[in-house]
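Asker: These protein sequence lines map, in sequence, to chains A and B. One gets our numbering by counting positions in the first sequence from 1 and adding 14 to each. One gets our numbering by counting positions in the second sequence from 1 and adding 55 to each. Using N, Cα and C, we set each Cβ at its ideal position, and we do this for glycine too. Owing to the predicted nature of the structure, the values given are computational and were not obtained by experimental measurement.
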Amino acid sequence: MTENHYQGKLHHLQKELMSEYYAALTASANGSGVPAAYLLIGGNPVELLRAFDILPVFPEVNALQLAVRKQSLPFIQSAEFMGYSSDNCAYVKADIGMYFGGRQTPFATIPEPSLLLCNYVGCNVYLDWFGHLAEFTGQSAFQLDIPFIRSASGKPSKEDIEYVLRQLHHLIERCEEITGRKLDEEKLREAVRLSSLTGDLWAKIKHLTKRTPAPYDAYFDSVTMMAPLYCLRGTPQGLEFFETAYAELLAKAEAGIGPLEKERFRYVIEGPPPWPHLRAFRDMFSRWDAVAVASTYSTVGGLWEFGFSHDPDHPLESIARHLLEWNLTNRNFLQRYEQIERYLEEWNASALVIHSVKSCRLFSAGQGDMREYFTKRGVPTLLVESDLEDPRYFSEAQMRNRIDAFFESIAHRPTREGVTA
Amino acid sequence: MSTQSLPQSIEALVEHCDRIIEEPGFAPAVAWKRAAPNRAAIGCFPVYTPTEVFYASGVLPVGLAGGGNRMEIAHADSRFQSFICSIIKSTLEQGMTGLLEDLDGVVFHSICDPARNLASVYTRNFPQTPVEYIHFPQNFEAEEAPQYLRDEYERVARFAGELSGKQMTTEDLRAAIRIYNRVRETIRRLYALRRDSPHLLRTRELYPLVRVGHLIPPEEHAELLADALHAAATREGRERDRIRVVLTGSFCEQPTLDLIAAIEDAGCYLVDDDFLIGRRWFNGNVPENTADPLLALAEDYLNASLPSPVKHDMRISPSELLVERARSHRADAVIVLCAKFCEPSLFAYPIYRKALQAAGIPHLFLEFEEKMWMFDRIKSEIETFVESLLFD
Numbered sequence: 015m016t017e018n019h020y021q022g023k024l025h026h027l028q029k030e031l032m033s034e035y036y037a038a039l040t041a042s043a044n045g046s047g048v049p050a051a052y053l054l055i056g057g058n059p060v061e062l063l064r065a066f067d068i069l070p071v072f073p074e075v076n077a078l079q080l081a082v083r084k085q086s087l088p089f090i091q092s093a094e095f096m097g098y099s100s101d102n103c104a105y106v107k108a109d110i111g112m113y114f115g116g117r118q119t120p121f122a123t124i125p126e127p128s129l130l131l132c133n134y135v136g137c138n139v140y141l142d143w144f145g146h147l148a149e150f151t152g153q154s155a156f157q158l159d160i161p162f163i164r165s166a167s168g169k170p171s172k173e174d175i176e177y178v179l180r181q182l183h184h185l186i187e188r189c190e191e192i193t194g195r196k197l198d199e200e201k202l203r204e205a206v207r208l209s210s211l212t213g214d215l216w217a218k219i220k221h222l223t224k225r226t227p228a229p230y231d232a233y234f235d236s237v238t239m240m241a242p243l244y245c246l247r248g249t250p251q252g253l254e255f256f257e258t259a260y261a262e263l264l265a266k267a268e269a270g271i272g273p274l275e276k277e278r279f280r281y282v283i284e285g286p287p288p289w290p291h292l293r294a295f296r297d298m299f300s301r302w303d304a305v306a307v308a309s310t311y312s313t314v315g316g317l318w319e320f321g322f323s324h325d326p327d328h329p330l331e332s333i334a335r336h337l338l339e340w341n342l343t344n345r346n347f348l349q350r351y352e353q354i355e356r357y358l359e360e361w362n363a364s365a366l367v368i369h370s371v372k373s374c375r376l377f378s379a380g381q382g383d384m385r386e387y388f389t390k391r392g393v394p395t396l397l398v399e400s401d402l403e404d405p406r407y408f409s410e411a412q413m414r415n416r417i418d419a420f421f422e423s424i425a426h427r428p429t430r431e432g433v434t435a
Numbered sequence: 056m057s058t059q060s061l062p063q064s065i066e067a068l069v070e071h072c073d074r075i076i077e078e079p080g081f082a083p084a085v086a087w088k089r090a091a092p093n094r095a096a097i098g099c100f101p102v103y104t105p106t107e108v109f110y111a112s113g114v115l116p117v118g119l120a121g122g123g124n125r126m127e128i129a130h131a132d133s134r135f136q137s138f139i140c141s142i143i144k145s146t147l148e149q150g151m152t153g154l155l156e157d158l159d160g161v162v163f164h165s166i167c168d169p170a171r172n173l174a175s176v177y178t179r180n181f182p183q184t185p186v187e188y189i190h191f192p193q194n195f196e197a198e199e200a201p202q203y204l205r206d207e208y209e210r211v212a213r214f215a216g217e218l219s220g221k222q223m224t225t226e227d228l229r230a231a232i233r234i235y236n237r238v239r240e241t242i243r244r245l246y247a248l249r250r251d252s253p254h255l256l257r258t259r260e261l262y263p264l265v266r267v268g269h270l271i272p273p274e275e276h277a278e279l280l281a282d283a284l285h286a287a288a289t290r291e292g293r294e295r296d297r298i299r300v301v302l303t304g305s306f307c308e309q310p311t312l313d314l315i316a317a318i319e320d321a322g323c324y325l326v327d328d329d330f331l332i333g334r335r336w337f338n339g340n341v342p343e344n345t346a347d348p349l350l351a352l353a354e355d356y357l358n359a360s361l362p363s364p365v366k367h368d369m370r371i372s373p374s375e376l377l378v379e380r381a382r383s384h385r386a387d388a389v390i391v392l393c394a395k396f397c398e399p400s401l402f403a404y405p406i407y408r409k410a411l412q413a414a415g416i417p418h419l420f421l422e423f424e425e426k427m428w429m430f431d432r433i434k435s436e437i438e439t440f441v442e443s444l445l446f447d
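1. Helix, strand or coil: how does DSSP classify residue 324/B here?
2. Between which residues of its own chain and residue 313/B is the CB-CB distance below 7 Å, once the five residues before and five after are set aside?
3. How many angstroms separate the CA atom of residue 238/B from the CA atom of residue 409/A?
4. Hey, how far is the Cα of residue 210/B from the Cα of residue 361/B?
5. What did DSSP end up calling residue 442/B once you bin it into helix, strand or coil?
6. Based on Cα-Cα distance, which residue from 268/B, 222/B, 191/B and 107/B lies nearest to residue 119/B?
7. Which class does residue 116/B belong to by DSSP, given the choice of helix, strand or coil?
8. Could you check the C-alpha separation between residue 193/A and residue 35/A for me, to the nearest Å?
9. Taking residue 186/A and residue 27/A to be in contact with their CB atoms under 8 Å, please state how far apart those CB atoms are, rounded to whole angstroms.
10. Would you kindly work out how many angstroms separate the C-alpha atoms of residue 142/A and residue 322/A, rounded to a whole number?
11. What are the residues of the stretch 161-172 of chain A that lie near chain B, defined by any Cβ-Cβ distance shorter than 7 Å?
12. Cβ closer than 7 Å: which chain A residues qualify as neighbours of residue 206/B?
13. What is the C-beta distance between residue 298/A and residue 351/A, in whole angstroms, given that I count them as a contact (C-beta under 8 Å)?
14. Applying a beta-carbon distance threshold of less than 9 Å, which residues of chain A neighbour residue 139/B?
15. At the level of alpha carbons, what is the spacing between residue 434/B and residue 393/A?
16. Identify each residue in the stretch 131-142 of chain A for which the Cβ-Cβ distance to at least one residue of chain B is less than 7 Å, and report them in chain order.
17. Between the stretch 310-336 of chain A and chain B, which residues of the former have a C-beta closer than 7 Å to a C-beta of the latter?
18. Taking the alpha carbon of residue 364/A as the point to measure from, which residue in 308/A, 265/A, 173/A and 230/A has its own alpha carbon closest?
19. Can you say whether residue 445/B is buried or exposed, counting buried as having 16 or more other CB atoms within 10 angstroms of its CB?
20. Below 7 Å between beta carbons: does that hold for residue 80/A and residue 242/A?
21. Could you spell out where the beta strand (DSSP E) holding residue 362/A opens and where it closes?
22. Which same chain residues, not among the five before or five after residue 303/A, have their C-beta less than 7 Å away from its C-beta?
23. What residue from 116/B, 252/B and 344/B has the CA that sits closest to residue 88/B's CA?
24. How big is the Cα-Cα spacing for residue 338/A and residue 54/A?
25. Is residue 50/A near residue 69/A, with beta carbons less than 7 Å apart?
26. Rounded C-beta distance between residue 133/B and residue 382/A? I'm assuming under 8 Å.
27. List the residues of chain A that residue 329/B touches, going by C-beta distances under 7 Å, in chain order.
28. Following the continuous beta strand (DSSP E) through residue 397/A, name the residue where it begins and the one where it ends.
29. Is residue 448/B helix, strand or coil when you go by DSSP?
30. Once you ignore the five residues that flank residue 261/B on each side, which residues in its own chain have a CB closer than 7 Å to its CB?
31. Which value, in whole angstroms, describes the spacing of the CA atoms of residue 64/B and residue 387/A?
32. Return the first residue and the last residue of the alpha helix (DSSP H) that residue 317/A is part of.
33. Check each residue of the stretch 353-372 of chain A: if its Cβ is closer than 7 Å to any Cβ of chain B, include it; give the result in chain order.
34. CA-CA distance, residue 231/A and residue 318/A?
35. Can at least three beta-carbon pairs, one atom from the stretch 341-358 of chain A and one from the stretch 84-95 of chain A, be found at a separation below 8 Å?
36. Name, please, each residue of chain B whose Cβ falls closer than 7 Å to the Cβ of residue 97/A.
If you want it as structure tokens, here you go:
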């Protein structure tokens, strides 16, 4: 394996913009006067906060940043000392531990929330998480209740849409109380317009990995782009980042440059990454010249590559549709099978890797059934287990052995398209 | 089967319930279906199901309560990982081994992520079995939530009507509300009797009396409960030197009858619990004669139902509620009995712990699994806890 120098302009710009974002969080914590809202990644309605100049704070992003920097374990342990179980989601534990640790992280001081916005988008742990934050901060959380996708058509009903829209109006009232000013509808439209352009670029970036070689790794490099997608979406800086990223990745695609010198295996990966061991995990695939051409994880906050776009002419309706329908978290488990099926076919991948994480049962519960489904359809499928936040659940030697054995076994095996991998 | 011919002692009633509960399959539901046309039965995954909506549509809502400790998980283990709770796997296993064949459908709702995904896995593995999924609102403050839930119930009623071949009328629903009110009211009275005189009605007795309602029609259950209430109230007994305990945490996956007995035998009067909470659910009677009974049911879900870790009502603090419950039941202690790997239950614990410690209420945290045979360890833990309180 030889890894190309995959860190380009987009990686540097990401670092710069995320540093600015975290500086703004610290400033808010230190009394800049800018109110902060905690909200969750799943289908996040960040545009609405932008319209009020409320700073979005994503506890999931903070938790994963702690894990990537190998800082999560002491916070997890301090939450376990409070009574949290070893079987509870470690994102929550790291966040609660950090909250009681004075909200100090190596990257920012996290501000106290002016608004706890629990966008309940599919993940039931969200409700526990923000319920606990409400208990600990003494604040009431705004429960934005998003009906789960439960129809055979995979679409929300008109009652679902109406219900969410009405709640969004109440959320606007809450934001008006917090900021002391009325909603500026033009400002909301502008945030949604910026989101729309950003989402369109992100979709085009996603489609670039249909090419051979894929110009970037749709798992390990997508995660670099996901932080700006959530933390900066709806701002000019967020749009600038995606313009830069698209231009750079398109140029790579045109030049036939991928993240590795050679692309031998194209696979789809399901599940969140093992953040505390991200580099080691990436290397396990790179050594086999294996590139992820699509990942389900990169659609937790929004699924743009299948045609969704925010609509500035109907800002609230498009926010409601994003929350209800156009993200992985609020879709049912079988819709994820369909999503993977599309990736396998349209992105021309020959294998599926399922990274099953203990913390996130929304992702993992039932992945044995998913493996059975794809295996029976002739897709070589590997299921490995670790965790997204807790470093104690990653067994490097065992993981490497499993991945080695998997690629070894499919190296000379015809795929279902009849192409040798 | 009518309870009229049954002996009226609590012991005999409990033995009757035990027999029905421990028998594999759903014989009472099958008999009920055969007794009249346009009838079906549906399996209801915990925690709460709008039983009235199903029953009014000619569908007997049968409670799925896992596989107990007699079921070997041979197939479902390959579909759900080791860190997923047992009832998810035992429910799938029941499907895979044909034990749910007498049911005409299955209904799940938004209690937790594994149950959410099980609904999908069930749909895929049993394409002939209709599967319904209810999204209960989690925004209890929203003025639009009752109407949303009303519409959701209407959708569920259409689904139920397709199973039985009979769409419910408003009067059908009012009748169903009346009969389930009767059932729940009697259960509430039995719970109050146990709270006030726990030596007259053990939880090992009360539990099967309630649980049997998972399996038999509500009219039969109402009669049985009325018999039990009469028998318990006229029973003679002597108070023993035990601590009064509020038990919480077992609202979904259920401990076995033997485990409940072991907890009591270790020196506890269980004066309140959250076993089978979805069958009891409402604080009072659902209004019986409203113009829109679907809306009445929805409003009571939002405003008059019991607390549970799968219901996130931000208007009230769950920890304060537990402390209040312990005090109003004059409890000496709280036992938090969580099913292994049950996230909602495990998440509730740190919040409870903090509040119980602040209120000076002793508590014990325990985990259980469906497939427990030996109770020596758990019993010895409880005995030690009880002794520490009795001889403090």
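Answerer: Result, derived from the coordinates:
1. For this step, residue 324/B is matched to residue 269 along the second sequence. Reduced to three states, the DSSP call for residue 324/B is strand.
2. Here residue 313/B refers to the residue found at position 258 of the second sequence. If we look at residue 313/B and ignore the five residues flanking it on each side, its Cβ neighbours are 430.
3. As a first step, residue 238/B must be located in the second sequence, where it is residue number 183. As a first step, residue 409/A must be located in the first sequence, where it is residue number 395. Cα-Cα distance, rounded: 53 Å.
4. Within the second sequence, numbered from 1, the residue matching residue 210/B stands at position 155. Within the second sequence, numbered from 1, the residue matching residue 361/B stands at position 306. When rounded, the distance between both Cα atoms is 24 Å.
5. The residue given as residue 442/B occupies position 387 in the second sequence. If DSSP states are grouped into helix, strand and coil, residue 442/B belongs with the helices.
6. Within the second sequence, numbered from 1, the residue matching residue 119/B stands at position 64. The candidate whose alpha carbon is nearest that of residue 119/B is 268/B.
7. What you label residue 116/B is simply residue 61 of the second sequence in a count that begins at 1. Note: residue 116/B maps to strand in three-state DSSP.
8. For the purposes of this step, residue 193/A is taken as residue 179 along the first sequence, with counting starting at 1. For the purposes of this step, residue 35/A is taken as residue 21 along the first sequence, with counting starting at 1. Rounded to the nearest angstrom, the two C-alpha atoms are 20 Å apart.
9. Stepping through the first sequence from its first residue, residue 186/A is reached at position 172. Stepping through the first sequence from its first residue, residue 27/A is reached at position 13. Actually they are not in contact, since the Cβ atoms of residue 186/A and residue 27/A sit about 32 Å apart, beyond 8 Å.
10. Taking the first residue of the first sequence as 1, we reach residue 142/A at position 128. Taking the first residue of the first sequence as 1, we reach residue 322/A at position 308. Answer to the nearest angstrom: the Cα atoms are 30 Å apart.
11. 161, 162 and 164
12. Taking the second sequence and counting its residues from 1, the one referred to as residue 206/B is at position 151. By Cβ distance, chain A contributes 173.
13. As a working note, residue 298/A is residue 284 in the first sequence. As a working note, residue 351/A is residue 337 in the first sequence. Not confirmed; about 25 Å, so no contact.
14. Mapped onto the second sequence, residue 139/B falls at position 84. What residue 139/B touches in chain A: 375, 378, 379 and 380.
15. One-based indexing of the second sequence puts residue 434/B at position 379. One-based indexing of the first sequence puts residue 393/A at position 379. So the two alpha carbons sit approximately 49 Å from each other.
16. 134, 137, 138, 139, 141 and 142
17. none
18. Position 350 of the first sequence holds residue 364/A. Ranking the options by Cα distance to residue 364/A, first place goes to 308/A.
19. Numbered from 1 along the second sequence, position 390 holds the residue referred to as residue 445/B. Exposed is the call here.
20. Here residue 80/A refers to the residue found at position 66 when the first sequence is read from its first residue. Here residue 242/A refers to the residue found at position 228 when the first sequence is read from its first residue. No, Cβ-Cβ distance for residue 80/A and residue 242/A is not below 7 Å.
21. Working through the first sequence from its first residue, we reach residue 362/A at position 348. That residue, residue 362/A, is in no beta strand (DSSP E); it is neither H nor E in DSSP.
22. On the first sequence, residue 303/A is found 289 positions in, with the first residue counted as 1. Counting only Cβ-Cβ distances below 7 Å, and skipping sequence neighbours, we find 15, 274, 276, 277, 278 and 279.
23. Position 33 of the second sequence, counting from 1, holds the residue named residue 88/B. Minimum Cα distance to residue 88/B is reached at 116/B.
24. Reading the first sequence from its first residue, position 324 is the one you call residue 338/A. Reading the first sequence from its first residue, position 40 is the one you call residue 54/A. Distance between the alpha carbons of residue 338/A and residue 54/A: 14 Å.
25. On the first sequence, position 36 is the one that residue 50/A refers to. On the first sequence, position 55 is the one that residue 69/A refers to. A contact, by the Cβ cut-off of 7 Å.
26. Taking the first residue of the second sequence as position 1, residue 133/B is located at position 78. Taking the first residue of the first sequence as position 1, residue 382/A is located at position 368. Correct: roughly 5 Å between the Cβ atoms.
27. In the second sequence, residue 329/B corresponds to position 274, counting from 1. The premise fails here: residue 329/B is roughly 17 Å from chain A at the closest Cβ pair, so nothing lies under 7 Å.
28. To locate residue 397/A, count along the first sequence from 1; it is residue 383. Segment 395-400, the beta strand (DSSP E) holding residue 397/A.
29. Coverage of chain B is limited to positions 56 through 447, which leaves residue 448/B absent and any answer about it impossible.
30. Against the second sequence, residue 261/B aligns to sequence position 206. Excluding positions up to five away in sequence, the list reads 245 and 249.
31. Locating residue 64/B in the second sequence gives position 9, where the first residue counts as 1. Locating residue 387/A in the first sequence gives position 373, where the first residue counts as 1. So the alpha carbons of these two residues sit roughly 53 Å apart.
32. Residue mapping note: residue 317/A aligns to position 303 of the first sequence, counting from 1. Premise fails: residue 317/A is in no alpha helix (DSSP H) and is neither H nor E.
33. 370 and 372
34. The residue labelled residue 231/A in the question sits at position 217 within the first sequence. The residue labelled residue 318/A in the question sits at position 304 within the first sequence. Using only the alpha carbons, I get a separation of about 17 Å.
35. no
36. The residue given as residue 97/A occupies position 83 in the first sequence. Result: 404, 405 and 408.
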